[in-house]
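Report on one structure; see the data block that follows.
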Amino acid sequence: MPKIYTHEFKQSALELLNDGMTQKQVCADLGISKSALQAWVRDSRLREHGLEPSRDVEESRAQAAALKRIPELERENKILREASAYLSQANLKLGDHHPK
Numbered sequence: 013m014p015k016i017y018t019h020e021f022k023q024s025a026l027e028l029l030n031d032g033m034t035q036k037q038v039c040a041d042l043g044i045s046k047s048a049l050q051a052w053v054r055d056s057r058l059r060e061h062g063l064e065p066s067r068d069v070e071e072s073r074a075q076a077a078a079l080k081r082i083p084e085l086e087r088e089n090k091i092l093r094e095a096s097a098y099l100s101q102a103n104l105k106l107g108d109h110h111p112k
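So this is what it looks like as structure tokens:
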């Protein structure tokens with residue numbers, strides 16, 4: 013039977029990771045498996061993006077794929093915002109020049 017950890021215990025493990033400890037160190041110090049810690053990290057990332065972690069295998073796979081896609085989409089959005097800002101500035105400069 014799998015061991016049940018409290019929410020506070022899981023949060024403590026995640027805080028240790030955020031403070032710079034490696035997963036290997038956290039697992040050794042707290043006596044937990046790497047797979048358990050990785051699941052807590054995944055669940056935390058899902059919640060950060062407004063998703064509730066699923067225990068359904070297919071839905072869990074879809075959520076994992078979404079987590080992998082999010083950084084790529086964020087990079088694309090940044091590029092589009094920068095391009096939009098650049099083009100807006102270029103249009104403003106063109107608008108200032110009135111041909112005779």
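In this text, residue positions in the sequence shown follow this note's numbering: the first is 13, and each later residue adds one.
From the three backbone atoms N, C-alpha and C, an ideal C-beta is built for every residue, glycine too.
Fair warning: this is a prediction, and the values are worked out from it, not measured in the lab.
Rounded straight-line distance, which links the Cα of residue j to that of residue i
{"i": "residue 17", "j": "residue 104", "result": "58 Å"}
{"i": "residue 28", "j": "residue 38", "result": "7 Å"}
{"i": "residue 25", "j": "residue 49", "result": "8 Å"}
{"i": "residue 59", "j": "residue 33", "result": "22 Å"}
Residue i - DSSP class collapsed to helix/strand/coil
{"i": "residue 81", "result": "helix"}
{"i": "residue 15", "result": "coil"}
{"i": "residue 47", "result": "helix"}
{"i": "residue 54", "result": "helix"}
{"i": "residue 67", "result": "coil"}
{"i": "residue 31", "result": "coil"}
Neighbour-count burial assignment, residue i, 16 or more Cβ in a 10 Å radius
{"i": "residue 69", "result": "exposed"}
{"i": "residue 80", "result": "exposed"}
Proximity of residue i and residue j at Cβ, strictly below 9 Å
{"i": "residue 75", "j": "residue 53", "result": "no"}
{"i": "residue 83", "j": "residue 72", "result": "no"}
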